[in-house]
Amino acid sequence: MAMNEFRQRKQEQIEFQEIRWMKWKEEQEKAKERASELRRFWLKKKEDQRTAQREKDFQDAVEKIRRAGYRGKFGEYEVPVEVRMKLDALKLQAEIGDHIESEKQPCVDEWKKLLGMNKTDSQRAYIKLANKVLTKYGWNPPTTWT
Numbered sequence: 085m086a087m088n089e090f091r092q093r094k095q096e097q098i099e100f101q102e103i104r105w106m107k108w109k110e111e112q113e114k115a116k117e118r119a120s121e122l123r124r125f126w127l128k129k130k131e132d133q134r135t136a137q138r139e140k141d142f143q144d145a146v147e148k149i150r151r152a153g154y155r156g157k158f159g160e161y162e163v164p165v166e167v168r169m170k171l172d173a174l175k176l177q178a179e180i181g182d183h184i185e186s187e188k189q190p191c192v193d194e195w196k197k198l199l200g201m202n203k204t205d206s207q208r209a210y211i212k213l214a215n216k217v218l219t220k221y222g223w224n225p226p227t228t229w230t
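Under my numbering, think of the first position of the sequence shown as 85, with each following residue one higher.
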């Protein structure tokens with residue numbers, strides 16, 4: 085009889101340990117899932133921050149390009165028409181997307197060359213070209229800056 089009780093207790097202990105093991109495995113799976121969700125959340129947040137910063141940089145570049153070309157006591161430096169057309173085409177590609185036949189813009193030929201370029205790449209290219217243009221030709225800050 086003592087042997088049966090011993091075996092029964094051992095069997096109960098085994099079952100108890102198996103239950104603990106299964107609970108532990110479930111907790112591990114849940115922890116992995118939570119970690120994965122948290123990682124996705126932070127990656128999304130980081131991407132959203134990058135997008136917001138790129139949008140801000142793009143709008144700043146558009147505003148400064150409106151004032152591009154220095155006119156002042158050191159001379160006059162105008163941005164060439166070809167460069168302005170390239171900038172306008174990149175801006176349209178970023179804001180509208182691929183060329184629409186009904187659009188009547190002076191930069192249509194340049195815009196058609198950008199067919200298939202996505203918004204992000206268009207904005208990056210615009211910002212890069214705008215920085216080069218502003219460095220080379222300068223810009224006139226708003227009169228409120230004086």
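Yeah, the Cβ is synthetic: ideal placement off N, Cα and C, and Gly gets one too. Please read these numbers as outputs of a predicted model, since none were measured by experiment.
CA-CA distance, R124 and K130? Their Cα atoms are separated by approximately 10 Å.
Taking the continuous alpha helix (DSSP H) assigned at E160, which residues delimit it? Unbroken run through E160 is the beta strand (DSSP E), G159 to Y161; no alpha helix (DSSP H).
First and last residue of the beta strand (DSSP E) that includes R155? Its beta strand (DSSP E) spans residues Y154 to G156.
So K148 packs on W223, CB below 8 Å; how close in whole Å? Correct: roughly 5 Å between the Cβ atoms.
Apart from the five residues just before and just after E96, which ones in its own chain have a Cβ nearer than 7 Å to its Cβ? Result list for E96: empty, nothing under 7 Å.
Measuring alpha carbon to alpha carbon, tell me which of Y210, R93 and L198 ends up nearest V146. If you compare the alpha carbons of Y210, R93 and L198 with that of V146, the shortest gap goes to Y210.
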